[in-house]
Ligand SMILES: C[C@@H](O)[C@H](N)C(=O)O
Ligand SMILES: C[C@@H](O)[C@H](N)C(=O)O
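Written out as structure tokens, the structure reads:
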């Protein structure tokens, strides 16, 4: 089927948080997100790439602005238990998402989204994809422009 | 709405690839995935966490077994252009996914998935989430057990 991008939107009520240097062993992710869940914190995107050394890894995620400080405090409290290095956070971000069908079987769709943003000098901080949704975290001030150029590039004006 | 996990499945035709130390500047992700798309390579998950230093980043993604070698070669060819360090890859992996509704607004769902896997000593290599799907990359040999314990833990026997 031809890939159909049906919706492009941004969400500026978004902050990104990364816990750095956690042990890459079973149970760590469960511990982190259970502690956040216990505080009633809704986590939106969770993104973890592959460990480079199979010893440590970093886990990035996003929460609303209201939950950023509490999330950071929860993670800082866990640093010793996780043997992790630090927690970094940034509230100057927004999520830009493209929703569609058939996107996985069309390798060019994600490439085109990333290229359109790159051509306008919009840096992509985080990426998460599924068959029906591609989400990028960008600088908050660029979210409106990002949606506009993606609408234009994908013919959704 | 109560979170409803409707489906839990694994995909063993999965290999993970990471390009390490790419420049964290606009256009890099577009370049990488355009080159892969030009070869007709279907990329499944793309996962990029936040850069730690705003200078470099790593990008992980998955492709089928048939596409792993070509993907690695494409990336190796791009290393100079991207000022990247290396390409790492692992074919001893599988994707385990939970599909549901209302998962984003229920912070405990991802935490429970990660904890169930952790309790059985199943290490999580990569994580990618959306409102309706949580995907984890684990060791291939653990995929069947992972699906079984998640079915049991979420009451989907
Ligand atoms: C690392 C890569 O995602 C880069 N930040 C880009 O925007 O293309
Ligand atoms: C880093 C973290 O994801 C760890 N590998 C775990 O399985 O919990």
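Chains as they are written, first to last, in the working numbering: chain A, 663 to 819; chain B, 663 to 819. Cβ atoms here follow ideal geometry from the backbone N, Cα and C, with glycine treated the same way. Remember, predicted model here, so these are calculated numbers, not experimental data.
- When the five nearest sequence neighbours on each side are left out, the beta carbons in the same chain lying within less than 7 Å of the beta carbon of residue 761/B are those of 668, 669, 794 and 795, in order along the chain.
- Secondary structure note for residue 774/A: its alpha helix (DSSP H) is the uninterrupted segment 770-781.
- For residue 694/B, the three-state secondary structure derived from DSSP is helix.
- For residue 816/A, no chain B residue has a C-beta closer than 8 Å to its own C-beta; the minimum C-beta separation is roughly 14 Å.
- Scanning chain A for C-beta atoms nearer than 8 Å to the C-beta of residue 680/B yields 711, 712 and 714, reported in chain order.
- Exposure of residue 814/A is indicated by the presence of fewer than 16 other C-beta atoms within 10 angstroms of its C-beta.
- With contacts defined as CB atoms closer than 8 Å, residue 734/B and residue 749/B qualify as a contacting pair.
- Take the alpha-carbon of residue 681/A and the one of residue 737/A: they are about 7 Å apart.
- DSSP, reduced to helix, strand and coil, places residue 702/B outside both helices and strands of the structure shown, so it counts as coil.
- In this chain, residue 732/A is not harboured by any beta strand (DSSP E); it is covered by the alpha helix (DSSP H) spanning 727-744.
- Around residue 807/B, the same chain offers 782 and 784 as residues with beta carbons nearer than 8 Å, after the five sequence neighbours per side are excluded.
- Note: residue 719/B is bridge-paired with 684/B in the DSSP secondary-structure output.
- For residue 819/B, no alpha helix (DSSP H) segment is defined, and its DSSP state is neither H nor E.
- Taken through DSSP and simplified to helix, strand or coil, residue 764/A comes out as coil.
- In the three-state reduction of the DSSP assignment, residue 784/A falls in the coil class, being assigned neither a helical nor a strand state.
- At a cut-off of 8 Å between beta-carbon atoms, residue 677/B makes no contact with chain A.
- Straight-line spacing of the CA atoms in residue 778/B and residue 757/A works out to 29 Å.
- In this structure, 685/A is the residue among 685/A, 696/A and 699/A with its C-alpha nearest to the C-alpha of residue 716/A.
- Going by DSSP, residue 807/A is part of the alpha helix (DSSP H) stretching over 805-815.
- Closer than 8 Å to the CB of residue 813/A there is not a single CB belonging to chain B.
- Non-local C-beta neighbours of residue 769/A in its own chain, meaning closer than 6 Å and more than five positions away in sequence, are absent.
- Set against 7 Å, the gap from the CB of residue 688/A to the closest heavy atom of ligand 2 is smaller.
- Residue 752/B is bridged by DSSP to 678/B.
- Relative to ligand 2, even the nearest heavy atom lies 7 Å or more away from the CB of residue 773/A.
- 779, 780, 781, 782, 783, 784, 785, 786, 787, 788, 789, 790, 791, 792, 793, 794, 795 and 796: these are the residues of the region 779-796 of chain B whose beta carbon lies less than 9 Å from some beta carbon of chain A, given in chain order.
- Look at residue 710/A: its beta carbon is less than 7 Å from one of the heavy atoms in ligand 2.
- For residue 692/A, the CB falls within less than 7 Å of some heavy atom of ligand 2.
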